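*Asks:*
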Amino acid sequence: MKGRSWSWLLYGLGRLLQVTGLVVTLVAATAFFGTPSTAAMLRMMLTGVLIFVPGWLLARRDPRKT
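Start counting the sequence shown at 707; every next residue gets the next number (my numbering).
(1) Give the C-beta separation of Leu731 and Val755 to the nearest angstrom, bearing in mind that I take them to be a contact with Cβ-Cβ under 8 angstroms.
(2) Give me the Cβ distance between Gly761 and Leu716, rounded to the nearest whole Å; I'm assuming they're in contact under 8 angstroms.
(3) Which residue comes first and which comes last in the alpha helix (DSSP H) that contains Thr741?
(4) If contacts are defined as beta-carbon pairs under 8 angstroms, then Phe758 and Leu728 qualify, I think. What distance do you get, rounded to the angstrom?
(5) State yes or no: is the C-beta of Met747 within less than 9 angstroms of the C-beta of Ala765?
Below you can see the structure in the form of structure tokens.
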């Protein structure tokens, strides 16, 4: 049972990181829309991607199917 709860914890953390990365990317796209700050927008979007990817890697395995 302990291993199963650990996999649920990792899965939940992965999903949280995914949602956080998506929100950061969405905020970057909307906050910098129409402004000349392209470099700042790209840095913020890169931050969102760097948050999203570890979450995606953690949440690939669904604990309900193992």
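Don't be surprised by glycine CBs; every beta carbon is placed ideally from N, CA and C. The model shown is predicted, which means the values in this text are computed figures rather than measured ones.
*Replies:* By the coordinates alone:
(1) Along the sequence shown, read from residue 1 onward, the residue named residue 731 stands at position 25. Along the sequence shown, read from residue 1 onward, the residue named residue 755 stands at position 49. Going by the sequence as given, residue 731 is Thr instead of Leu. Between Val755 and Thr731 the Cβ distance is about 7 angstroms, and since that is below 8 angstroms, they are a contact.
(2) Within the sequence shown, residue 761 is the residue found at index 55, counting from 1. Within the sequence shown, residue 716 is the residue found at index 10, counting from 1. In fact, because the Cβ distance is near 10 angstroms, the residues do not count as touching under 8 angstroms.
(3) For the purposes of this step, residue 741 is identified with residue 35 of the sequence shown, where counting begins at 1. First-last for Thr741: undefined, no H or E at that position.
(4) For this step, residue 758 is matched to residue 52 along the sequence shown. For this step, residue 728 is matched to residue 22 along the sequence shown. Yes, they are in contact, since the Cβ atoms of Phe758 and Leu728 sit about 6 angstroms apart, within 8 angstroms.
(5) If you number the sequence shown from 1, residue 747 lands on position 41. If you number the sequence shown from 1, residue 765 lands on position 59. Against a cut-off of 9 angstroms, the Cβ pair of Ala765 and Met747 comes out as no contact.
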